[in-house]
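Every position in the sequence shown, counted from 1, becomes a number in the working numbering once 743 is added. Each residue gets a CB set at the ideal place from its N, CA and C atoms; glycine is no exception.
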Amino acid sequence: MAYLYLVVICTAVVSGTVGNSMVIAAVLITKKLKTVGNMFIVNLALADLCVTAFVDPFSIIGIILGEGWFVVRPVICETVASICLTSCFCSLLSIGTVSFNRYIHICHNELYPKIFTKTKSFFMCIALWVICFLAEMSCFIGWGDHSFDKKTLSCVWDRTADFSYTLFFALVGVAFPVTLISICYVRIYRFVNASKIRVGAQRDDGQPQKDFSNQRQESMRLARTLFIIFAVFAACWTPYAIIVVADRYDTYPMEIHIFSILVAHTNSSLNSILYGLTNANFREGYKQIAMFFFGWLPFSCLRRNASAELTCNSMTDNSNGKRNKTATTFETTAY
744 MAYLYLVVIC
754 TAVVSGTVGN
764 SMVIAAVLIT
774 KKLKTVGNMF
784 IVNLALADLC
794 VTAFVDPFSI
804 IGIILGEGWF
814 VVRPVICETV
824 ASICLTSCFC
834 SLLSIGTVSF
844 NRYIHICHNE
854 LYPKIFTKTK
864 SFFMCIALWV
874 ICFLAEMSCF
884 IGWGDHSFDK
894 KTLSCVWDRT
904 ADFSYTLFFA
914 LVGVAFPVTL
924 ISICYVRIYR
934 FVNASKIRVG
944 AQRDDGQPQK
954 DFSNQRQESM
964 RLARTLFIIF
974 AVFAACWTPY
984 AIIVVADRYD
994 TYPMEIHIFS
1004 ILVAHTNSSL
1014 NSILYGLTNA
1024 NFREGYKQIA
1034 MFFFGWLPFS
1044 CLRRNASAEL
1054 TCNSMTDNSN
1064 GKRNKTATTF
1074 ETTAY
């Protein structure tokens, strides 16, 4: 079990660190990604990067060297546990904020420029970190605690120190984002589906049924994508929240706790894929980064070539007919 745990967490460290770094870099170097909405994606990537690049490597030390290594280094264990809880809190709440941002952008577009200005969005991101840090600071003043968890072989918050804090983590850190995400994405899907039906009914070119069928297929593809985003998040964190609450007296076997925290932390490695690879602009940014590091062309040349390619693709798409405005808006902003 320990060997499998080590292999999986090492894989998560590498993929998560590279993936989240590429998300941040892609936003910084790709003009089309420098949007207000992507500020929350960067905030999410930063939180996940703290987990994969800092917290998880110390979990590897715990697996290999055991509790003894941290016993003589209590400050390190306390610091790792504090950063772990703060980052996980921020990652969870950032995912919820991303979904809320997309909901306002798509369903209440007229309000979006008023709510999500660059300044307001920046301070929203800062506020998320402050809130998460304050929630974690309670562990230093008696509500909750930090310790080396002998069942997960890592320095984390002490799930057995105060049951009320355990409930707080499960409800605020997991249940609230899950509820927010599900509500936002259900409303997004209903809004887009209703918009496409209205557009299809208003068409007077003699092909409403065909258009409706195509629009329905697009809606189903959209629904599947949104379901994957939500399902992966819920699947990664719900087991952990249930187990830490259910195992109040710490009687569950080690294997169950290892599985739950491993799956939960794996979400920090998957977010860069879910919120990056499903977006064409992020894929273009990834390609530019990969070519810059592994190719021989100057970076400025790559950016010009990428822009030319996008222009060419746009001209090709336009020649096939003008697409529905609502569908296009959603498709390019849903993530």
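| Asked | Found |
| --- | --- |
| Between LEU1053 and the rest of its own chain, which residues show a CB-CB distance below 6 angstroms, the 5 nearest in sequence each way excluded? | Low confidence applies here, because LEU1053 scores a pLDDT of 40, under 50, leaving its location unreliable; read the following figure in that light. If we look at LEU1053 and ignore the five residues flanking it on each side, it has no Cβ neighbours. |
| Identify every residue that forms a DSSP beta bridge with TRP900. | HIS889 |
| Could you give the distance in angstroms between the alpha-carbon of ALA878 and the alpha-carbon of LEU828? | 9 angstroms |
| Indicate the three-state DSSP secondary structure (helix, strand or coil) for ASP799 in the structure shown. | helix |
| Between MET765 and ILE1032, is the Cβ-Cβ spacing less than 7 angstroms? | yes |
| Is the beta carbon of CYS882 closer than 7 angstroms to that of TRP900? | yes |
| Tell me whether the beta-carbon of LEU896 lies closer than 7 angstroms to the beta-carbon of GLY805. | yes |
| My assumption, with CB atoms under 8 angstroms, is that GLY839 sits in contact with PHE934. Please give the rounded CB distance. | Going by Cβ atoms, the distance from GLY839 to PHE934 rounds to 19 angstroms, so no, they are not a contact pair. |
| For the alpha helix (DSSP H) containing PHE1079, name the first residue and the last one. | Not covered by the structure: residue 1079. The range shown for the chain is 744 to 1078. |
| Using three-state DSSP, classify ASP791 as helix, strand or coil. | helix |
| Count the other C-beta atoms from every protein chain shown that fall within 10 angstroms of the C-beta of VAL798, then say buried if there are 16 or more, exposed otherwise. | buried |
| Using only the alpha-carbon positions, how far apart do SER830 and VAL1006 sit? | 16 angstroms |
| Going by beta-carbon coordinates alone, are LEU835 and GLY762 separated by less than 7 angstroms? | no |
| Return the residue from the list ILE1016, GLU1027 and THR1009 that minimises the CA-CA distance to VAL750. | THR1009 |
| Near PRO1041, what residues of its chain come up, given a Cβ to Cβ distance below 8 angstroms and the 5 sequence neighbours on each side ignored? | Interpretation of PRO1041 is limited by its pLDDT of 49, a score under 50 that renders its predicted location unreliable; the figure taken from the coordinates is listed afterwards. There are no such residues. |
| Hey, quick one: how far does the alpha helix (DSSP H) through PRO856 stretch, first residue to last? | 855-858 |
| Do you know offhand how far LEU1013's Cα is from ARG902's? | 25 angstroms |
| So, with DSSP's three-state summary, where would you put TYR992? | coil |
| Residue range of the alpha helix (DSSP H) that THR1009 falls in? | 997-1017 |
| Report yes or no: do the region 813-827 and the region 882-893 share at least 3 C-beta pairs separated by less than 8 angstroms? | yes |
| In whole angstroms, what separates the C-alpha of CYS793 from that of CYS833? | 10 angstroms |
| Compute the distance between the beta-carbons of SER837 and VAL779, then report whether it is under 7 angstroms. | no |
| On the premise that ILE986 lies in contact with ILE999, defined as a C-beta separation below 8 angstroms, what is that separation, rounded to the nearest angstrom? | 6 angstroms |
| Is it buried or exposed for LEU808, if we count other Cβ within 10 angstroms and need 16 for buried? | exposed |
| Does LEU787 pass the burial test, meaning 16 or more other C-beta atoms within 10 Å, or should it be called exposed? | buried |
| Would you report the Cα separation of ASN852 and THR1021, rounded to the nearest angstrom? | 22 angstroms |
| For ALA745, collect the residues of the same chain with a Cβ closer than 7 angstroms to its Cβ; drop the 5 residues on either side in sequence, then sort them by chain order. | ILE806 |
| On the premise that CYS898 lies in contact with PHE1079, defined as a C-beta separation below 8 angstroms, what is that separation, rounded to the nearest angstrom? | Limits of the chain in this structure are 744 at one end and 1078 at the other, which puts residue 1079 out of reach. |
| Relative to the alpha-carbon of GLY1028, which residue among VAL756, PHE843, VAL757 and LYS775 has its alpha-carbon at the smallest distance? | LYS775 |
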